[in-house]
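**Q** Chains as they are written, first to last, in the numbering used here: chain S, 1 to 335; chain Z, 1001 to 1554; chain R, 2001 to 2412. Quick one: structure below, then a few questions.
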Amino acid sequence: MLRFLLKRILATIPVLFVLSVVTFSIIHSRPGDYGDFVYAMLVARGSSTVEAQRAAEAAREEYGLNDPLPVRYVNWITGIVTRGDFGHSFYYNRPVADVVAERLPPTIILALTCHILATIFGVSLGIIAATRQYSWVDTLISFVSFIGMTVPRFLLAIIILYILAFRLNAQNFGTFFSPQFGGAPWSWAKFVDLVQHVWPVVFIATFGGLAYNMRVMRGNLLDTLNAQYVETARAKGLPESAVVLKHAVPNALHPLVAYQGVVLPYMLTGEIEVAIVFSLATVGPAIVGSMAVGDIYVTATFMLVLAATLLVGNIIADILLAALDPRVRIGGAKA
Amino acid sequence: MDTANTFAPAERFDLGTHGRELILDARNIAVSFKVEDGHIEAVKDVSFQLHSGETIAIVGESGSGKSVTARTVMGLLSRRAKVSPDSHIWLDGDDIRRYSPSQMRELRGNRVSMIFQEPMSSLNPVFTIGAQICEVLRLHNRISKTDAMKRAKALLEEVHIPEPEARLRQYPHQLSGGQRQRVMIAIALANRPDVLIADEPTTALDVTVQAQILNLIKELKAKYGMAVILITHDLTIVRHFSDYVYVMQRGEVKEHNRTAELFANPRHPYTRHLLASEPKGEANPLVEDTGTVLEGRKVRVAFTLKRGGMFRPDYFDLVAVDSLDLDLRRHETLGLVGESGSGKTTFGQALIRLVHLDSGEVLFDGVPIQDKTRRQMRPLRSRMQIVFQDPYASLNPRMSIRQIIEEGLVVNGIGSDSRERLERIRTALDQAGMPTNILSRFPHEFSGGQRQRIAIARAIALEPEFILLDEPTSALDLSVQAQIIDLLRKLQDEKGLSYLFISHDLKVVRALCHRVMVMQHGKIVEQGPVNEILTNPQTDYARRLVRAAFEVAA
Amino acid sequence: MTSIDDIRKQAERREERKTAAEAQGVSPATAIDVADDLGVEGLVETNPVDVTAVDRSDQSYRRLMFRRFRRSISGMIGLVLVSLLFFVSVFAYFFAPVDPKASYLAFSPPDAVSFTSRDGGFSLRPRVYPTIETGELDPITFQPLTGPDYENPIDLGFFVRGFPYRIFGLIPSDIHFFGAVDGRPVHFLGTDKLGRDILSRAIVGSRISLFIAVIVVTITTVVGTTVGISSGYFGGRIDTWVQRFVEIVLAFPQLPLYLALTTLIPITAPSNVFIAFVIAVLAALGWAQLSREVRGKSLALARIEYVRAAMAVGAGDGRIIFRHILPNVLSHVIVAVTIAIPTVVLLESFLGFLGFAVKPPLISWGLMLQDTGTFSVIGSYPWILSPVAFVLVTVFAFNALGDGLRDAVDPY
């Protein structure tokens, strides 16, 4: 088991390497850099163009923006590998690692929560739909799933934002907590407050994922219910509920787990989209913001970290599949 | 009910003359299915009776409704099935058609058990063998888990599975098909049922394993005084294992009688037709030595496979064809016989270069072809053709019959214009026994046997010298099988074809082949003229094969 | 079954069996279900030479698919909507009531169609009371107030004369589908911050949005299918290396990458270059998933008996790919296309919302959403969100069509 894990982790390294090169190059190819941002800011604040130019040049020197691309890349990578130093954020004036550490956990927790909720609800609804095929329940669930998969998440976010802001006069977007709870220790009230702030994100991202899971589960279960071993289970005299839940569902889950490679990025993207709309302090807005000002190391690091997250997610999915399916765990050595 | 059919009254001819107790009495079973555009009457009016300690066989081809009948007894039909209210099934005096669902559930796996055709998929892949056996025990009895496991082990011993203790903890995919079927039998017999329904229990198994399983059922039946309903299409099995036979066709019983009498005196035309469809006859008489058309020397084909779990992968080489020689003379039919995993299909396909050879030589008409490129092989292709086993996958569903047969002609530049090609296509179809007005139709409009004829027409349209027949009749019903065998013999006679006939069915081999080679695990175990091998096999394996095929004896 | 690859292969094999079943032309819903119930292996065997007993008439595979499609409600709705969409898009200027580039009163609310006349009576002719400045000032903000002008109703009608345009860029015309009888501007969805009519812009904007989507999807489909078939059919080393490449492409977090790539597009570039860039960006990652799926199907098809029969007959690779593999893969690809188009439309709108859109004088839905990011604007003038409705309808239409197609092609 350990050897497998090691092998997989080693296999992701070249992928990450290529990814880092590509993203780094892309980010650095953008016209204009942080120096330009400094220039624009100073000019807007009334400095003369000459002064602004000088300040911009100084910034460039300080942050090594005048070095050629490969040099910058190598410096960055060596920094990561040897010191764990992901570079410096110009905009926040802090180490990038800090920025990431601040923003990444909420993103992952949110995405994971949405993912878990979407799985639980999606699978349950899928089971219900499959066992009541052709009934009105099935049609209703299929319709809901269709809506869930077609309604674009960021549009839903905009609409909810509008309703919240102007019909319900809600306040405090863009934060996780109301001011009074900011630094307070955890309590039930704080948790409720948190939920009140993040529920749109969770709802929207979950809804899309739920629809997808339900579709897949329903399809798989319908297939599984036609399998011979299901008939065997009935022939033993098992009640129908046990036949479905104990025999059919575990087998129907396999393809779902194998599909995690597709679902995870979907959930992550959804979370990012919605968070951008709501300006919640997570990864999404950070990427957009940093790209707008040319805070290159922040952008590059986030991309790398996101890619790594996805790859790790795939590995976890593989392990989960092995846990579920004995054929994957133990090879077939026919006596 | 076909009231004019006096060969199939509702009651058995030997009812009341039995010494045994009547355990199951089914009357007027009628089942219809709701489909997209209407209803299908799968079973029209079927009655049968079963006594303890005996085996009755329900025989029929596809569409006969035999499986539906069996499932009606168990109450395992889908929601779209409607059983007529006039149907009655008395199990030991109670009409189980009037049972509530919970009463039926108590019955299943307890007093009436069923085993199915596909051992590979009959067991749930995510539970251990032990868990699956214990499930049926604890469902109908109050016993603890430990006691259930002990009983499970005892059951595995009863069905002669070696190392039962270890097996309990294993998963289905770690067992072979025959072993899985034994486990199924253990599960079915766990609660000592009164009736065992076996729906084609051995169709998907190798012939030697088949014999073992059937004899196991017979042994256990005798031991526990069970009654067995055997559903099958194989007449040899019927002859050797059943006491009474019901012959079904299109949802009706056409005739029933005691086994010996039915085979000696078939009365209904369908029964006669069925019995006459057993592969019979023998190969055309051979002319003297006319030269070798296909020769293989030390042909070797190996695959690298992986086993071991995800966490401990382990590669090993599987030698499918282990340095084998073969020579096929002109106008001859050479049979290549073996069970699954013998390598016969790989060998055949390697000889016509559809599979890559690792080493060895293949000579076609004296010319070595093992190293030729695709392009170099092309001119030879029209001289060697192939007919596959699966009639449903051998024809491209998006091409018309004309396009399917024409493809070979077009690719090889045979026939100078469209009209000449059409002539050839029509001739080929005619020779294959199909009408020639079907050119613009599509494969899905035809049945399995008809598709196989079209596949044969595709092969002979190129006027080949040699045809590789890869189990061409295995997927067909018995009566259709007989027709295809006759067709193949006729074509060989008319066109002087040479056949390499791959099969696992010795009865068909006997009817068609001149010589036969017996393969096992990639090696040739025995070879020689067909009559010699089948009447007087020399090696142990060949002997087992012959006994299993013709007497269903293990 | 050993590794995860084998489970994927098992899923592929299920896919293969589905393909095989579909490839066998067995009508699944009836044949297989009933077959299982009846314990039948396939179609009922009739007297072999009595072909007249087969009572299905001359039906090609395509016709079977059409029949199945027609039975799907969502598919038919989708088909109607999509056709409507393309029709309106092609004749955009005909359907737009007002010149999309002309400026009027900024942020004026949508004109309501009313059937009442000034004195409250009912009249069959629809009319609109245009919005004008009423001459009063808002007591708090001191901005001029706007309200309906009951003095000057605008009568509406079909096929009215309005601003001039050219059909297909050639034939000059000034007839519009619906609008003011006297050619005055009517704003059914209000105006934006520059006073331009939203409805007309949305209708005309559909051209660019749909154009980008169609081109992007064409590219990704062609590339994805080609890569998939080559990889699956030829196998071997090509396959291994291509798959590694695809794996890397798929590992990219998509949205952030699109965002990054769009920043590459120089702001000052001329519109055509800009569109080409946007198309390239969106096509960069989209082909990978399709290539995986096509590869799976090609792998299965390369081993199926009728392909081997074609090889046995001497057919070359080209012939096999185009006559045997491609047609059986095409159905899956068509479904993928109808699902991909709305994804691209959405992406374009989202990127526009974030500020990365085409530049005027071009109009696209993404561009129209560019200004909707600020809360205050949405609060006061919610109608500028109307392009959202267009995107929604487009997404819904294509997904419904795709659903219907999928059920027709792969009823499992």
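Idealized CB from N, CA, C, for every residue including glycine.
1. Nearest-angstrom Cα distance between residue 2180 (chain R) and residue 2369 (chain R)?
2. Output the boundary residues of the alpha helix (DSSP H) element that contains residue 199 (chain S).
3. Going residue by residue through the segment 1224-1302 of chain Z, where are the continuous alpha helix (DSSP H) segments of at least 4 residues, counting only ones entirely within it?
4. Give the residues from the segment 1386-1409 of chain Z that approach chain R closer than 7 Å (Cβ to any Cβ), ordered along the chain.
5. If you draw a straight line from the alpha carbon of residue 2234 (chain R) to that of residue 1426 (chain Z), how long is it in whole angstroms?
6. DSSP beta-bridge partners for residue 2156 (chain R)?
7. Kindly indicate if chain Z contains any beta-carbon less than 8 Å away from that of residue 227 (chain S).
8. Using a threshold of 8 Å, state whether the C-beta atoms of residue 2111 (chain R) and residue 2128 (chain R) are closer than that.
9. Keeping to the same chain, check which residues put their C-beta closer than 6 Å to that of residue 343 (chain S); ignore five residues upstream and five downstream.
10. In terms of alpha-carbon separation, which member of S:230, S:282, S:78 and S:134 lies closest to residue 107 (chain S)?
11. Closer than 8 Å, CB to CB, is residue 162 (chain S) near chain R or not?
12. So if DSSP puts residue 1081 (chain Z) in a beta bridge, which residue, or which two residues, is it bridged to?
13. Return the CA-CA distance between residue 1481 (chain Z) and residue 1543 (chain Z), expressed in angstroms with no decimal places.
14. Given a threshold of 16 other Cβ atoms within 10 Å of its Cβ, counted over all protein chains shown, does residue 295 (chain S) qualify as buried or as exposed?
15. For a contact meaning CB atoms closer than 8 Å, what does residue 234 (chain S) contact in chain A?
16. Quick one: is residue 2314 (chain R) near chain Z, going by C-beta distance under 8 Å?
17. In the DSSP assignment, find the alpha helix (DSSP H) that holds residue 2277 (chain R) and state where it starts and stops.
18. Nearest to residue 285 (chain S) by CA position, among S:262, S:7, S:102 and S:195, is which residue?
19. According to DSSP, simplified to helix, strand and coil, what is residue 1173 (chain Z)?
20. Please list the terminal residues of the continuous beta strand (DSSP E) segment that includes residue 1320 (chain Z).
21. Which ranges does the alpha helix (DSSP H) cover as unbroken runs of at least 4 residues, wholly within the segment 1496-1523 of chain Z, from first to last along the chain?
22. Taking only three categories from DSSP, how would you classify residue 1202 (chain Z)?
23. Where does the unbroken beta strand (DSSP E) through residue 1057 (chain Z) begin, and where does it stop?
24. Using a Cβ cut-off of 7 Å, pull out every chain Z residue sitting near residue 325 (chain S), in sequence order please.
25. List the endpoints of the continuous beta strand (DSSP E) containing residue 1038 (chain Z).
26. For residue 1226 (chain Z) and chain S, any beta-carbon pair shorter than 8 Å?
27. Is residue 1385 (chain Z) near residue 1472 (chain Z), with beta carbons less than 8 Å apart?
28. Run down chain R in chain order and give the residues with a C-beta less than 9 Å from the C-beta of residue 1411 (chain Z).
29. Should the segment 1219-1232 of chain Z be called in touch with the segment 1136-1148 of chain Z, which here means at least 3 C-beta pairs below 8 Å?
30. Under the three-state reduction of DSSP, which class applies to residue 2114 (chain R): helix, strand or coil?
31. Ends of the beta strand (DSSP E) at residue 1385 (chain Z)?
32. Less than 8 Å between CB atoms is the rule here; does residue 2403 (chain R) satisfy it with respect to chain S?
33. In chain order, what residues of the same chain have a beta carbon less than 8 Å from the beta carbon of residue 2038 (chain R), not counting five sequence neighbours either side?
34. Name the chain R residues that come within less than 8 Å of residue 1354 (chain Z), Cβ to Cβ?
35. Kindly identify the DSSP beta-bridge partner or partners of residue 21 (chain S).
36. Less than 8 Å separating the beta-carbons of residue 236 (chain S) and residue 1108 (chain Z)?
**A** Per the coordinate set shown:
1. 27 Å
2. 188-224
3. 1235-1241, 1259-1264 and 1269-1276
4. 1386, 1388, 1390, 1392, 1393, 1394, 1395, 1396, 1397, 1398, 1407 and 1408
5. 35 Å
6. R:2180
7. yes
8. yes
9. This structure gives no information on residue 343 (chain S), because the portion of chain S shown stretches from 1 to 335.
10. S:282
11. yes
12. Z:1033
13. 25 Å
14. buried
15. The displayed structure is made up of protein chains S, Z and R, and chain A is not among them.
16. yes
17. 2271-2302
18. S:102
19. helix
20. 1314-1329
21. 1506-1512
22. coil
23. 1055-1059
24. 1126
25. 1038-1051
26. no
27. no
28. 2310, 2313, 2314, 2315, 2316 and 2319
29. no
30. strand
31. 1384-1387
32. yes
33. Its pLDDT being 35, under 50, residue 2038 (chain R) is placed unreliably in this model, and the coordinates cannot settle the point.
34. 2308, 2311 and 2312
35. Paired residues: none, contrary to the question.
36. yes
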